[in-house]
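So the protein sequences, as listed, match chains F and Z. What the first sequence shows, in our numbering, is residues 42 to 313, in sequence order. What the second sequence shows, in our numbering, is residues 44 to 370, in sequence order.
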Amino acid sequence: MRVKGLAAVAGAECAKLSAQIKTRVTLAACVVGPFAFAAAMRVQNSLPEDTLFGRAVKESGFALPLVVLGFAALWVLPALTSIVGGDVFSAEDRYGTWKTLLTRSCARSEVFAGKVAAALGFSLLALGVLAVSSIAAGLLIIGSGPLVGLSGAQLLPSYALMRVTFAWLSVLPPMFAMTAIAIVLSVATRNSAAGIGLPVVAALSMQLYALIDGPEIVRQLLITYAFGAWHGLLAEPPYHRPLVYGTVVSGIYLVLSLVLAYRLLARRDIAA
Amino acid sequence: MRPIAIEALGVSKCYATRQALSNVDLIAHRGEVHGLLGPNGAGKTTLLRVLLGLVRRDAGGVRILGRDVEVGGALPDGVAGLIDIPAFYPYMSARQNLALLVRLDGQTQTSRGMVDAALEQTGLAAHADVKVAGHSAGMRQRLGLAAALLRSPQLLLLDEPTSSLDPAGARDVCALVRQLAAGGACVLLSSHDMMEVEELCSALTIIDRGRVVFTGTVDELRSRAPAAPYVLQTSDNMAARALASRSAGVHVSPADDGGLHVSGTLAAFDTYVVALGRAGIAIRELQRRPRSLESLFFDLTSTADLHTRESTGAEERPQKPGWELAS
């Protein structure tokens, strides 16, 4: 596989993504959503008290991005990843463009790697936009008051900002794992509805499992465990074991999904 | 001898229970337009897909422009293909689609000029900034040709390239094909249009039910066919038919224009003509009618039972060409 070929495919995929309305709407929603939520929190009397940091949402602007993160981890982040990851391969089937794409100067492995890079890049971009927008909305609309951590200790604004930033970064591995799952579904089903919808359903199912009294080892093997691993960062002193564990689990999902997706694509006859 | 552009030997491909290609050989040279003919379901498109590395073959070897073709590998520079109706990204314009393909070919430096030239050459310059979703099938076919031209093809594989084009568009494509071949490129042209094939192709491969039933030049195809029929007008066609029924070795049937079609060996025909004179039947017109490529094709591929064949699978019926030509 040539780096030049990979870069060419990734560049072409980025050009395609930038020409699509769905990607622009998704990124716009990532910008606007947290500001709308912050504005609503500011004007309403009640608070989302059953949500982690929900009680503090009017006291510290640093609580708002954590509330958004906690909510987004349920299904928004899986949905964000699958919007591109679940469609990036099956769209070629929908448009009948495999024969167009694979009769150029790029090997199938380069096409695969380029598309994966584009999907992971979009997940990273969407997460970054949502994180920056959430933090900015909290600070601009609520204010930069100190945040009370999960252990009850008060975190100074600069320290709180660093912890919040790390919390958002900590969901990157499970985001990538969900992207890889969306990719394998996109390749296997050749259907964008399945590629986009099934990862969200899978994430919600994992969340449901977390609510029932099942074996702990199974819970830890689910990607949703990694989505909640940031809680330890807001304790004092912070604990990182769930974060490390969740990153390893996410890495396993990522590698297995991508290997399976590549094998399926490499063996496929483009006969339609 | 011109260098070989396509060398496919012993290619076989089976889809589930259907044998799409069976031990197919195809050799095409640079500077020639090589026709690929066959009825629907004969395996033409599958063969083109194998040549382009889109479909893996079960057996055989393929070399194009001197390089082995493997599924999953990058297509060699100078090779382009157009399979079925070309497909593009509907939310992008023709120009954006072509720019994307240039990028995939690794030629970003010169993309703008190349894209404009290809659009101009295929008559799409006026529609360059229209989204492909709004293109007709004919425009998409032109865009497919433009996409192929971007690769400066030394080998161009075309599958029914004029099927959606108006007569002017078809004429342009034929001119383009001739121009490429004159410039030393090899064009493999799969088509159902016999006139187009006859006009353009210097060599032919005919496949039926996944097997090659003829390969050679159009003249070779004609030379191996049975003698062409004569069209005969006499002073008394009824009597001429009655006389033919008593003459060995000739077969006479009524023609559409009121005359008679006469076929048979040359010796039997001579005897028949002499017999007509002796019987007092005057010959008013006698014309040898060359057999069309289409009639030769029908004889070879027995398309009368095509419907049955398509529904039963390619390998389920034995191959029975009207006359043996496979070489």
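Each residue gets a CB set at the ideal place from its N, CA and C atoms; glycine is no exception.
Item: Ranges of the beta strand (DSSP E) found wholly within the stretch 60-104 of chain Z, counting only runs of at least 3; Value: 61-72 and 76-80
Item: Residues that K371 of chain Z bridges to, as DSSP identifies them; Value: No information on residue 371 of chain Z is available, as it lies outside the stretch 44 to 370 that chain Z covers here.
Item: Beta-bridge partners of D111 of chain Z, as assigned by DSSP; Value: Z:R106
Item: Interface flag, V310 of chain F vs chain Z, CB-CB below 8 Å; Value: The sequence given here has Asp at residue 310 of chain F, not Val. It does; some Cβ of chain Z falls within 8 Å.
Item: Three-state secondary structure (DSSP) of C229 of chain Z; Value: strand
Item: Residues near S179 of chain Z by beta carbon distance below 8 Å, same chain, minus five either side; Value: S207
Item: Selection of the stretch 127-140 of chain Z by Cβ proximity to chain F, strictly under 7 Å; Value: P129, A130, F131, Y132, P133, Y134, M135 and Q139
Item: Classification of M135 of chain Z by the beta-carbon crowding that lies within 10 angstroms, buried from 16 upward; Value: buried
Item: Buried versus exposed call for G323 of chain Z [16 or more other C-beta atoms within 10 Å across all chains shown]; Value: exposed
Item: Amino acids of chain Z, ordered along the chain, whose beta-carbon sits closer than 7 Å to that of L143 of chain F; Value: L97
Item: Span separating the alpha-carbon of V285 of chain F from that of F76 of chain F; Value: 31 Å
Item: Pick from F:L93, F:T92, F:C71 and F:C147 that is closest to A51 of chain F, judged by C-alpha positions; Value: F:C147
Item: 8 Å CB neighbourhood of G181 of chain Z in its chain, flanking five on each side removed; Value: S207, L208, D209 and G212
Item: is_contact[R323 of chain F, chain Z] using C-beta, thresh 8 Å; Value: Not covered by the structure: residue 323 of chain F. The range shown for chain F is 42 to 313.
Item: Per-residue burial, D172 of chain Z [other beta carbons within 10 Å of its own, 16 or more giving buried]; Value: exposed
Item: Burial state of T60 of chain Z, where buried means 16 or more other Cβ atoms lie within 10 Å; Value: exposed
Item: Exposed unless 16 or more other CB atoms sit within 10 angstroms - verdict on Q139 of chain Z; Value: buried
Item: CB-CB length for T165 of chain Z against A189 of chain Z, believed under 8 Å; Value: 4 Å
Item: Cβ pair A85 of chain Z, G253 of chain Z closer than 8 Å; Value: yes
Item: Distance CB(V255 of chain Z)-CB(V114 of chain Z) smaller than 8 Å; Value: no
Item: C-alpha gap between G121 of chain Z and R65 of chain F, whole angstroms; Value: 37 Å
Item: Where the stretch 129-141 of chain F meets chain Z: residues whose CB sits under 7 Å from a CB there; Value: Y136, G137, T138, K140 and T141
Item: Per-residue DSSP class, three states only, for Y136 of chain F; Value: helix
Item: Residues near P119 of chain Z by beta carbon distance below 6 Å, same chain, minus five either side; Value: L108 and R110
Item: Buried or exposed by the 16-neighbour rule on C-beta atoms within 10 Å, applied to I293 of chain F; Value: exposed
Item: Best match in Z:R284, Z:G301 and Z:V261 for proximity to V293 of chain Z [C-alpha to C-alpha]; Value: Z:R284
Item: Cβ-Cβ separation, V54 of chain Z to G103 of chain Z (assumed contact under 8 Å), whole Å; Value: 4 Å
Item: Closer than 8 Å to chain Z by CB, G46 of chain F; Value: yes
Item: Min CB distance Q116 of chain Z to chain F below 8 Å; Value: The sequence given here places Gly at residue 116 of chain Z; Gln does not occur at that position. Closer than 8 Å to some Cβ of chain F, the Cβ of G116 of chain Z qualifies, so yes.
Item: Option in Z:M157, Z:R155, Z:G156 and Z:L186 with minimal Cα separation from L170 of chain Z; Value: The sequence given here places His at residue 170 of chain Z; Leu does not occur at that position. Closest by alpha carbon: Z:L186.
Item: For E50 of chain Z, the nearest candidate out of Z:P82, Z:R331, Z:Y58 and Z:C229 (CA to CA); Value: Z:C229
Item: 8 Å Cβ cutoff, G127 of chain F in contact with chain Z; Value: no
Item: Chain Z residues whose Cβ lies nearer than 7 Å to that of G52 of chain F; Value: R146
Item: Closest Cα partner of V296 of chain F within the set F:P279, F:G137 and F:F217; Value: F:F217
Item: 8 Å CB neighbourhood of L373 of chain Z in its chain, flanking five on each side removed; Value: With chain Z represented from 44 up to 370, any question about residue 373 of chain Z goes unanswered, as that position is not in the structure.
Item: Neighbour flag for Q61 of chain F against chain Z, beta carbons, 8 Å; Value: yes
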